[in-house]
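Novice: One structure coming up, written as structure tokens, with questions to follow.
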Amino acid sequence: GVAWARRHLTSARDLFNRVLQDLEGVSKVFTWSTTQDGCFRASLRCTKLLGILLLAEATALLERTTESTAAAREAVSESVALQGDEWVAPRLRMRLKACEALARRRLLEQGAGAC
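Structure follows, in structure tokens:
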């Protein structure tokens with residue numbers, strides 16, 4: 013159920029963080045173009061963002077308000093950062109704004125206010 017989803021979404025977020033960190037070393041070994049590297053990182057970060065949004069919802073369903081609030085704040089932060097990423101297309105920026113709005117709504121529903 014939801015507890016299973018929470019556990020796996022938390023693991024996925026940690027995995028994405030490690031992969032993004034490990035890419036620093038890999039980028040120096042492989043002969044990726046700057047465009048390939050930037051686009052790959054942006055797509056990994058977008059996938060991570062979706063996992064964080066799902067984590068915020070799952071933890072809210074489990075009434076783990078503190079954890080849900082932290083995930084929603086992380087989602088807002090990541091969404092805003094991605095909107096400023098040069099490798100993110102304008103159409104994707106619009107979708108990222110929707111993700112940001114969803115996370116901000118979660119914060120308001122929990123009484124945490126906007127961040």
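Add 12 to the 1-based position in the sequence shown for my numbering, that's all there is to it.
We put the CB at the ideal spot given by N, CA and C, even for glycine.
All of these numbers come straight from a predicted model, not from anything done at the bench.
Tell me whether the region 63-83 and the region 24-36 touch, counting them as touching only if at least three CB pairs, one residue from each stretch, are closer than 8 Å.
Specialist: Yes, they touch.
Novice: Give the DSSP-derived three-state secondary structure of Phe42 in the structure shown.
Specialist: In the structure shown, Phe42 sits in coil (DSSP, three-state: anything other than H, G, I, E or B).
Novice: Under 8 Å, with one C-beta from each stretch per pair, do the region 73-85 and the region 97-105 reach the 3-pair mark?
Specialist: In short, these stretches do not touch, since the Cβ pair count stays below three.
Novice: Could you check where the alpha helix (DSSP H) with Glu98 kicks off and where it finishes?
Specialist: Premise fails: Glu98 is in no alpha helix (DSSP H) and is neither H nor E.
Novice: Going by C-alpha distance, which of Trp44, Val88, Arg103, Phe52 is nearest Leu62?
Specialist: Of the candidates Trp44, Val88, Arg103, Phe52, the one whose C-alpha sits nearest the C-alpha of Leu62 is Val88.
Novice: If we count the other Cβ atoms within 10 Å of its Cβ and call it buried at 16 or more, is Thr43 buried or exposed?
Specialist: Exposed, because fewer than 16 other Cβ atoms sit within 10 Å of the Cβ of Thr43.
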